[in-house]
Structures are given as structure tokens and as C-alpha cells.
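Read through the structure below, which is laid out as C-alpha cells, and then see the notes.
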Amino acid sequence: MKVRFWGVRGSIASPGPDTVRYGGNTTCIQVTTDSGAEIVLDGGTGIRPAGLNLMNAHPVKCAVCITHTHWDHIQGLPFFTPLFVPGSSVDIYGAFDPVYQKDLKSILSQQMEYCYFPVRELELKADVRYHTLREGQVIEYADATISNVLMNHPVMTYGYRVDCNGKSMFFSGDHEPPYNIYNEDDTFYGEYKQLMDDKERGICNLARGVDLFVIDAQYTEPEMVNRRGWGHGTFSSALAMARRAEAKAVCFTHHDPTRTDDQLDRIADKLSRQARAHDPDMYIAHEGLEIEL
Amino acid sequence: MCERMPAFPASVQKVITLTSDINSSPRDLVRVIDHDPVLTMKILKVANSAYFGLSRKVVSINHAVVYLGLNTVKHVALAIAAIGSLPTENDAGFDMQDFLQHSLTTAVITRALARKIRVPEVDAANYFVAGLLHDIGKVVFAQFRPTEFRGALSAARERGVPLYQTEEEFIGHSHAEVGAFLCESWDFPATLVGAIRAHHIPGTGRTEERIRHCLFFGNVLANHLFESVNAPVSATEDDMPPWVFRMFGNDFDSILGSIEGLQTDLDQATNMLTIGMKS
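Those protein sequence lines, which keep their order, are chains A and B.
FYI, the numbering for the first sequence is 22 to 314, going by the numbering used here.
FYI, the numbering for the second sequence is 1090 to 1368, going by the numbering used here.
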């Protein structure tokens, strides 16, 4: 199984001289299984180059698993070339929206409506199938098994685990470890804490022992102080979760758009200096990074 | 048919106020939701819908917040608030304020009874929800079958019999059955559904789920504490099967008196109502 990063940025694409080394495209990860089946995780702006790359082996057959429908995870989809080419076959998976009561197809079609995009979803030439996933639903895709768990983000977000021939990776999508809304002296503090612990246990159980844990680490601890509730993790919370899940390697991604290449280099240095014995191997995601499992 | 059922006016207004203020406390929002039977029911419906909630049934608003995320719960609440408010006057002549008072009192007492028989705190939240929702069928009747419900309400008063008996005569079903049916169709936990369905049936005190014992008796004690305008006929100590006293204590007043913090919890719940009505 091979994991390749096409977009590692969070929130909004951020090209420029300060992001040229790690990359400015928003989230997109390509997982290629042992048999060559293609699974694309998220359709941020990184899915545009990913699509062009996939077109080298036409006809394209792939699965696209959407963690959630915030812009930085779907904005590249209308520029995903295989969708426009007859003969391509694309299965798109994602969660149901309980607020607007909409399935994935309705949400994704909307971003291709007249005022946003010149081509309607109906006009796509590929064979496109949408699948609304229930939480915990396991799907078999070629020689891979894809499972999901609900994460904690301001919209319904699935983390995905991909297994193939004994190798595995987990992608958190966007995730902030929940915080207790009660003070320690409130009656409900204990109950809430137990619910939070259960939730984290559920996530770690799904990700248990993966060869690669790819996780949202948009912020540093000092930045997090003013960003609680925004739905993202920090390098420390991400590492802590990877440790709890006993991941063999962790890859930090979803870099803040203001995060410069030099800052990421410094963070990488600091992480490697502070690494404990038996810690997972650590990577900072950058566009073009390929990890063979 | 309940998709369009609005929530109570005070909570609708508070949800709108709290969700418009980016600095408002999530605790305050949870508190408004978990004191409103309609908001609670609808948010639990989302959390337990077939798309989610597979791993474990979601039985409290705190659980829904951790499970679905704060922002999703907030937006679901806002979408419900956008439907409007339950009218304070209805064609059935059903007193909504009295209903809320009784539901909240039952919720608080049922949870207190759970703690008294040492139900773990995480499960006690389930008991609060059972109390809050046990009479939701009455709101459904007031909204959707007002004429028949008016008949049932007057007949119960005139004949001095419990409302659920006249409901069966006038509507064909009791509020307990309809409430349970709704909760069941939305995949709420079976124990909660069973307790709501049987909240007028004493049972044996042995074979049933504990939530059923607490809800049955919580409802009786709530009526003992505050006489309901909607359903003035309530069970007395003489109507109670012996297990009630074996399980909870010697008589209604001493049982109520022995529940630690009951008055504070009741005051807080009532406070939610009065602040809402004034604002």
C-alpha cells in the first residue's frame, strides 16, 4: 500500500514563497493498494493534480472518500479531471448532513450550481456513484477495506481507516479532541468526561495499531488557546492520539494557511528532539510525500 | 407528522439568543435544550438516526453534544427554533406551561430516584430524559388532534378518572402509547421506549428495567408535589404496589424529603420556565 500526499494545507489554499516546499494545496491523499486500486481521501484543491496523475492510466477507476464537506475538503472536486471523462468510474463516499438533512450527492452537486461553476453535476461524463455512509459501515473496495468513525469537528466528519493485505493507514480528517464544557465543580463534569473518554476510545480503537496515522495538526499549543472549538488539533494532541492508538508512524497534516515552510522545519526539529523511545515515526506532510507501507 | 412540531417559546427564544452570541457558553445552550422536551426529542432523534448512533444509543443531550459535536447540535437546535414556537394557547385547551412544569418535575424526580437506588451517574441522564419525554404524546395530541384531545381532557376532569383512560376512548390511543411509538420509530433505546409506554403501569417491581420503576414512581411523585391542571387526578399512596415503598421509602413526603438537592434541582428547572416566560 502506498500513500501519497497531494494537498496538506488546511482551511484555504495558500500558495506563495513561504509555502512552496510543503505546498499550498488543501487536503487530498491518494492511497494505492497492492493491486493498484486507487482510493482518494478528500477532494481539496490537491485533487486537481491527483486527478491529472490518475489520468495517466485511463480509464480511471477510483473511490473518493470525503471526510467532511467543508470547502477545503471538497473544493477541488469540480476540477477532478476523471469526472469529465467518459469511461471513468468514481465512487464517492461520505457522511449524511443531519442539519440540512442532505446526502452527499445533494451537497456536492450544489457546489457545481450555475452561480458557482459552469458545468452542472448532471453533465459529468464519468460513471459517478454516491454512497452515504453510516457510522461504522465497512466497505470493501477492490483489495482494500475502508472503515470509518465520527470525529469531532464543527460538521459531521468521518475519519477513515484503509486496510490492505495486513497494512493499514488511518486519516483523521479534521479533528479537535473534545473539551469539557463543564467546570470541574459542575455536577455534569464527570459524566461529560466519561462521554469524551468513550469517544476518544472509539476513535483510537478504530485506528489501533495502524502503520500510518495521518492526523490534523493545524495549530501549535499557544495558538490553540484562542482557537478552541474550531475543530482542529495541535501537534501535541495529534501525537498523543497516535501514541494512544499505538500507531507505528504518524504524519501531521492540515497545516494552517499562515504556517510557513521555515516554521514547519522548526516544528519538525523540535518533534524529533522531543521524541520518546518507542514513539511512532514522525512525518510532517508535504505535497509529493510518498510513504510505502 | 412531528417533523414540524415547534419547541416551547422560552427555549426557542433562548436558543436564538445564545446561538447569535459567539461568546455564549455551550453549557447554557445544553441547559436550554435538555429542559425542553421537543428540542431534546428532536436532537436525540438525529443522534440515534440510522446514519449515526450505531455504536451506542445516544440518551442524553450531553451525550449528543460529545457524539455529534457542539456545532452540529447547535445548528439542529437553531433549525428547530426556526420552525417557530409552540403556541401557548391551543384548541385542545391544554395548558402547555403546566405540561412543562410537570415534565421537568418528573425528569428531576426520576433522576433523583435513579441516584437513590444507585444507578451510575452516566445512566441517570437517561432517567432525566425519560421523565422529560414521558408525556410528549400529550403535546402531539394538542397539536394534531386538538378536538378529540379537548374531549378527553374534559371527560377525565368530569369523571375524575386518569387522562390516559379517556384518551383511549376519544382518540383511540393513550399519550403513553403515542410517545413510546414516536421514540421507538426514532430508534431511541428500547429501555427508554418501554419506560415511556408503561409509565402508568406499576409492574411487579422485579422483572422490569429499573428505569421503568423510577419513571412510574417519578410521575406519581411529580403529581403529588404539584397538582397538574391538565390531569388533576393522580395516584395516591393507597394505589401504590408494595414494591414502591420497599424500593424507595415509607411514604411520598418522606421519600421526597430524603432526596438530597431535590429542591435546588426543582428550583433551577422552574427558574428556566419563569425566566423564559418573562423574557
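Quick reminder that beta carbons are idealized off the backbone N, C-alpha and C, glycines included.
The structure displayed is predicted, hence computed values, not measured ones.
#1: Ends of the alpha helix (DSSP H) at glutamine 284 (chain A)?
#2: For a minimum of 4 consecutive residues, which ranges assigned as the alpha helix (DSSP H) are wholly contained in the region 200 to 251 of chain A?
#3: How long is the line joining the alpha carbons of lysine 269 (chain A) and isoleucine 167 (chain A), rounded to whole angstroms?
#4: For chain B, is any of its Cβ atoms less than 8 Å away from the one on arginine 264 (chain A)?
#5: Please compile the residues from chain A whose C-beta is within a distance smaller than 7 Å of the C-beta of proline 1115 (chain B).
#6: Just list the residues that DSSP pairs arginine 25 (chain A) with in beta bridges.
#7: Using a beta-carbon distance cut-off of less than 9 Å, what residues from the region 209 to 221 of chain A approach chain B?
#8: Put phenylalanine 14 (chain A) into one of helix, strand or coil per three-state DSSP.
#9: Quick one: does alanine 1164 (chain B) have its CB under 8 Å from some CB of chain A?
#10: Any beta carbon of chain B sitting closer than 8 Å to that of methionine 177 (chain A)?
#11: Can you tell me whether methionine 177 (chain A) is helix, strand or coil according to DSSP?
#12: Take histidine 307 (chain A) as the anchor and find which of A:Met22, A:Gln131, A:Gly28, A:Val24 has the nearest alpha-carbon.
#13: Is the Cβ-Cβ distance between cysteine 185 (chain A) and aspartate 164 (chain A) less than 8 Å?
#14: Between which two residues does the alpha helix (DSSP H) carrying isoleucine 128 (chain A) extend?
#15: In chain order, what residues of the region 1157 to 1189 of chain B put their CB closer than 8 Å to some CB of chain A?
#16: Let me know the alpha helix (DSSP H) ranges lying completely inside the region 1097 to 1172 of chain B, each 4 residues or longer, listed in chain order.
#17: Cβ closer than 7 Å: which chain A residues qualify as neighbours of valine 1211 (chain B)?
#18: Which residues does DSSP pair with valine 183 (chain A) in a beta bridge?
#19: Taking Cβ-Cβ distances shorter than 9 Å, what residues in chain B pair up with glycine 250 (chain A)?
#20: Under three-state DSSP, which class holds histidine 299 (chain A)?
#21: Let me know the secondary structure DSSP gives valine 1218 (chain B) once reduced to three states.
#22: Could you tell me which residues DSSP pairs with isoleucine 305 (chain A) in its beta bridges?
#23: Exposed or buried, valine 1296 (chain B), counting other C-beta atoms within 10 Å across all chains shown (16 or more means buried)?
#24: With respect to the alpha helix (DSSP H) encompassing glutamate 1257 (chain B), which residues constitute its N-terminal and C-terminal limits?
#25: Based on Cα-Cα distance, which residue from B:Ala1170, B:Asp1180, B:Thr1325, B:Leu1351 lies nearest to valine 1228 (chain B)?
#26: Does chain A have any CB closer than 8 Å to the CB of arginine 1204 (chain B)?
#27: Report back the beta-carbon spacing between alanine 1171 (chain B) and alanine 1096 (chain B) to the nearest angstrom; my notes put them in contact at under 8 Å.
#28: Alanine 147 (chain A) and leucine 104 (chain A) - do their beta-carbons sit closer together than 8 Å?
#29: Nearest chain A C-beta to alanine 1265 (chain B) closer than 8 Å, yes or no?
#30: Using alpha carbons as the reference points, say which of A:Arg42, A:Pro243, A:Gly180 lies closest to aspartate 283 (chain A).
#31: Quick one: grab the DSSP three-state call for methionine 1366 (chain B).
#32: Quick check on cysteine 136 (chain A): buried or exposed, where buried means 16 or more other Cβ atoms within 10 Å of its Cβ?
#33: Quick one: which chain A residues come within Cβ less than 7 Å of alanine 1214 (chain B)?
In short, the structure shows the following:
#1: 282 to 295
#2: 210 to 228, 242 to 245
#3: Whole-angstrom Cα-Cα distance: 19 Å.
#4: no
#5: Within chain A, the residues Ile202 have their CB atoms less than 7 Å from the CB of proline 1115 (chain B), given in chain order.
#6: A:Gln51, A:Glu311
#7: Phe209, Gly211, Glu212, Tyr213, Gln215, Leu216, Met217, Asp219, Lys220
#8: Outside the displayed span of chain A (22 to 314) sits residue 14 (chain A), for which this structure offers no information.
#9: Looking at the sequence provided, one finds histidine at residue 1164 (chain B) rather than alanine. Closer than 8 Å to some Cβ of chain A, the Cβ of histidine 1164 (chain B) qualifies, so yes.
#10: yes
#11: In this structure, methionine 177 (chain A) counts as coil in the three-state DSSP scheme.
#12: For histidine 307 (chain A), the closest alpha carbon among the candidates A:Met22, A:Gln131, A:Gly28, A:Val24 is that of A:Gly28.
#13: yes
#14: Its alpha helix (DSSP H) spans residues 125 to 131.
#15: Leu1157, Gly1158, Leu1159, Asn1160, Thr1161, His1164, Val1165, Ala1168
#16: 1098 to 1109, 1115 to 1122, 1126 to 1136, 1150 to 1157, 1159 to 1170
#17: Glu212, Gln215
#18: A:Ile167, A:Met190
#19: Pro1115, Leu1159, Asn1160
#20: Coil at histidine 299 (chain A), not helix or strand.
#21: helix
#22: A:Phe273
#23: A quick correction: the sequence has threonine, not valine, at residue 1296 (chain B). Burial call: exposed.
#24: 1252 to 1259
#25: Ranking the options by Cα distance to valine 1228 (chain B), first place goes to B:Asp1180.
#26: no
#27: No, alanine 1171 (chain B) and alanine 1096 (chain B) are not in contact; Cβ-Cβ is about 10 Å, not under 8 Å.
#28: yes
#29: In terms of beta-carbon proximity, alanine 1265 (chain B) stays away from the interface with chain A, with every pair separated by 8 Å or more.
#30: A:Arg42
#31: Because the pLDDT at methionine 1366 (chain B) is just 41, under 50, the model does not fix this residue reliably, and the value given afterwards should be weighed accordingly. Methionine 1366 (chain B) falls in the helix class under three-state DSSP.
#32: exposed
#33: Glu212
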